[in-house]
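Contents: one structure, followed by commentary.
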Amino acid sequence: MFRSCLTAALTVLATPVLAADFHVAAPVTAVTLYPDTARVTHGISVDLPAGRHRLLMTSKGLDTSQMPRIEAPSGLTIGAISLLPAIGQDPAPLFTPAQAEARGRVDTLENQVQAQRDAMTAARAELAALKARLGFVTSIRAPETGSDAAGLIALADLVQTQSAQIAAQIAAAEQAMRPMEEQLEELTQQLATAQEALDQLAPPAPGDDLLAIEVIAAAPVQSELMFETTAWAGWTPFYALHEGNDGNLTLDRKVMIRANDNVWHDVALTLSTVAPDGQVAPAGLYPDLARIHDPFVPLMEADSRAPMAMMVGAAPRTNAKANFDGVAVTYDYPERVSVMGQAILSLDQIALSGTTEIHAVPERDDTAFMVAKVTNDSAEPLLPGTMQIYRHGQYLGDA
1 MFRSCLTAAL TVLATPVLAA DFHVAAPVTA VTLYPDTARV THGISVDLPA GRHRLLMTSK
61 GLDTSQMPRI EAPSGLTIGA ISLLPAIGQD PAPLFTPAQA EARGRVDTLE NQVQAQRDAM
121 TAARAELAAL KARLGFVTSI RAPETGSDAA GLIALADLVQ TQSAQIAAQI AAAEQAMRPM
181 EEQLEELTQQ LATAQEALDQ LAPPAPGDDL LAIEVIAAAP VQSELMFETT AWAGWTPFYA
241 LHEGNDGNLT LDRKVMIRAN DNVWHDVALT LSTVAPDGQV APAGLYPDLA RIHDPFVPLM
301 EADSRAPMAM MVGAAPRTNA KANFDGVAVT YDYPERVSVM GQAILSLDQI ALSGTTEIHA
361 VPERDDTAFM VAKVTNDSAE PLLPGTMQIY RHGQYLGDA
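The opening position of the sequence shown corresponds to residue 1 in the working numbering, with each subsequent residue numbered one higher.
Put into structure tokens, the structure is as follows:
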């Protein structure tokens, strides 16, 4: 009997810990931007016992239409990945460190604002009581009969003394409330600023869906789990060409980032010219069907045959502008960045050697134009992009 109990106990001890749900934060740690999309890397710190578990994180900001690519540390196996509907859970366990810090700042200021309002409510109540007392004292009247001169004088002195004391107390109370009102206004402004900073970090909300990742730990594991998703974002080169008073030309190289609805805080940024959403395989080769007559044009389009012909003729020229160099250019931005919506980041400044000339086409233009012919002597490639032109510090336009 004892041996059976011992065997059962050892069997229980050897069994992995039962399945449990762990709410985790999945902050963005790195972003690789392509011209029209982005690859976003999230990092999750896991400290799990042995067994089968679920990691629950907010789906806010994630592209749930595609399966994330997960890199699991040694000893951790990835199971099913699913999307759970919102259940009104407390989002605090899902906050990133930056979001938790911002949320704590908001909570602290909310408590300070409420405490200040309570103090002002008590001060207003005390002020109202003083005013009521003053009203009572000033309403005292001498009796119509049975009063002598000495009694009337004593009553008048009492009313005067009490009225003066209460009026002084009212003045002091009103004066004390002014800094309280100023402090409340300052705290309210600080709270609005803190709330705006929290909103910019896009923290999880109780109504957000959850992304559930099932993991199986063969043994207790404490490591970092990385997974990648895609995001609707992109980047384009952006330049500013300056001609100084000495005639020298400098080019500011910048990038314009379109994060759209994404919020990235303190991330490592990589810019790439690769187009993952573009064509990655050759088109199929099919025989051209011979025709002995023009294709049929529906009657409803008969009046627009000429415009349609122009559009068809223009299509090859439009497609020809989509160049593919065959070489990907990649920039690792030297600093971590925070981006919400749109941003312009500077890369560097290049000194260009060249000459300026005046060009004119009198047949078509009403004025002449100064044209700069430059040579890129740097080792950096100049990718196609929008360029702002400045001459002697004066903005002239875009090219």
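C-beta: ideal position from N, C-alpha, C; glycine also.
Stretch-stretch touch, CB-based, cutoff 8 Å, three pairs: the segment 36-53 with the segment 215-233: yes
Residues of its chain near D348, where Cβ-Cβ distance is below 7 Å and the 5 sequence neighbours each way are ignored: As a first step, residue 348 is located in the sequence shown; it is residue number 348 there, counting from the start. Once the five neighbours on either side are set aside, the close Cβ partners of D348 are R253.
The segment 269-279 contacting the segment 328-348, beta-carbon criterion three pairs below 8 Å: yes
Simplified DSSP state of L396, which is helix, strand or coil: Taking the sequence shown and counting its residues from 1, the one referred to as residue 396 is at position 396. Strand at L396.
For P237: DSSP bridge partner residues: The count along the sequence shown starts at 1 and reaches residue 237 at position 237. In the DSSP output, where bridge partners are listed per residue, P237 has V255.
Beta-carbon separation (whole angstroms), L187 vs V267, contact threshold 8 Å: On the sequence shown, position 187 is the one that residue 187 refers to. On the sequence shown, position 267 is the one that residue 267 refers to. Contact doesn't hold; Cβ gap of about 32 Å is too wide.
Test item: CB-CB of V203 and F95 under 8 Å: Numbered from 1 along the sequence shown, position 203 holds the residue referred to as residue 203. Numbered from 1 along the sequence shown, position 95 holds the residue referred to as residue 95. The sequence given here has Pro at residue 203, not Val. The answer is yes: Cβ separation under 8 Å.
Span separating the alpha-carbon of H265 from that of L56: Locating residue 265 in the sequence shown gives position 265, where the first residue counts as 1. Locating residue 56 in the sequence shown gives position 56, where the first residue counts as 1. Cα to Cα, the separation comes out at about 21 Å.
Closest Cα partner of M370 within the set T29, A150, E357 and Y390: On the sequence shown, residue 370 is found 370 positions in, with the first residue counted as 1. Comparing Cα-Cα distances from M370 to each of T29, A150, E357 and Y390, the minimum goes to E357.
Reduced DSSP category for D199 - H, G, I as helix; E, B as strand; rest coil: Position 199 of the sequence shown holds residue 199. DSSP places D199 in helix when its eight states are reduced to three.
G104 (DSSP reduced to helix, strand or coil): The residue given as residue 104 occupies position 104 in the sequence shown. Here G104 sits in helix by DSSP.
Span of the beta strand (DSSP E) around F227: Mapped onto the sequence shown, residue 227 falls at position 227. From DSSP, the beta strand (DSSP E) with F227 extends over V221 to A231.
Three-state secondary structure assigned by DSSP to I153: On the sequence shown, position 153 is the one that residue 153 refers to. Residue state, collapsed to three classes: helix.
Through-space distance from V137 to I153, alpha-carbon basis: The residue given as residue 153 occupies position 153 in the sequence shown. The residue given as residue 137 occupies position 137 in the sequence shown. Whole-angstrom Cα-Cα distance: 15 Å.
Sheet register partners of Q349 (DSSP bridge): In the sequence shown, counting from the first residue as 1, residue 349 sits at position 349. D252.
Those runs of the beta strand (DSSP E) which lie wholly inside the segment 60-115 and span at least 3 residues: 69-71 and 76-84
Inter-residue CB distance, G234 and P35 (contact presumed, cutoff 8 Å): For this step, residue 234 is matched to residue 234 along the sequence shown. For this step, residue 35 is matched to residue 35 along the sequence shown. About 5 Å; that satisfies the 8 Å criterion.
Stretch-stretch touch, CB-based, cutoff 8 Å, three pairs: the segment 121-132 with the segment 167-186: yes
Host beta strand (DSSP E) of R391 (start-end): Reading the sequence shown from its first residue, position 391 is the one you call residue 391. Note, R391: beta strand (DSSP E), T386 to R391.
The segment 187-198 / the segment 102-122 touching (three or more Cβ pairs under 8 Å): yes
Where A193 sits in the DSSP three-state scheme: To locate residue 193, count along the sequence shown from 1; it is residue 193. It is worth fixing the name first, because residue 193 is Thr in this sequence and not Ala. In the structure shown, T193 sits in a helix (DSSP, three-state: H, G or I).
Beta-carbon proximity of A212 to N262, cut-off 8 Å: One-based indexing of the sequence shown puts residue 212 at position 212. One-based indexing of the sequence shown puts residue 262 at position 262. No, they are not a contact pair.
Span of the beta strand (DSSP E) around A217: Here residue 217 is taken as the residue at index 217 of the sequence shown, counted from 1. Here the beta strand (DSSP E) through A217 covers L210 to A217.
Identity of the residues DSSP links to V374 by a beta bridge: As a first step, residue 374 must be located in the sequence shown, where it is residue number 374. Answer by DSSP bridge pairing, in chain order: G354.
Which residues DSSP lists as bridging M57, in chain order: Mapped onto the sequence shown, residue 57 falls at position 57. Looking at the DSSP assignment, M57 forms a beta bridge with L211.
Helix, strand or coil at D118 [DSSP, three-state]: Numbered from its first residue, the sequence shown carries residue 118 at position 118. Helix, per DSSP.
First and last residue of the uninterrupted beta strand (DSSP E) at V480: A question about residue 480 goes unanswered here, because the residues of the chain that appear run from 1 up to 399.
Alpha-carbon spacing of I70 relative to I78, whole angstroms: Counting from 1 along the sequence shown, the entry for residue 70 is found at position 70. Counting from 1 along the sequence shown, the entry for residue 78 is found at position 78. Each residue's alpha carbon lies about 8 Å from the other.
In DSSP terms, what M340 is bridged to: In the sequence shown, the residue the question calls residue 340 occupies position 340. Its beta-bridge partners are V263.
Beta-carbon spacing of M256, F227 below 8 Å: Position 256 of the sequence shown holds residue 256. Position 227 of the sequence shown holds residue 227. In this structure, F227 does not lie closer than 8 Å to M256 by Cβ.
Pairwise C-alpha distance: T229 and V215: For the purposes of this step, residue 215 is taken as residue 215 along the sequence shown, with counting starting at 1. For the purposes of this step, residue 229 is taken as residue 229 along the sequence shown, with counting starting at 1. Cα-Cα distance, rounded: 18 Å.
C-alpha distance - I44 paired with H23, whole-angstrom precision: Indexing the sequence shown from 1 puts residue 44 at position 44. Indexing the sequence shown from 1 puts residue 23 at position 23. Using only the alpha carbons, I get a separation of about 10 Å.
K60 versus H42 - alpha carbon distance: Counted from its first residue, the sequence shown places residue 60 at position 60. Counted from its first residue, the sequence shown places residue 42 at position 42. Rounded to the nearest angstrom, the two C-alpha atoms are 13 Å apart.
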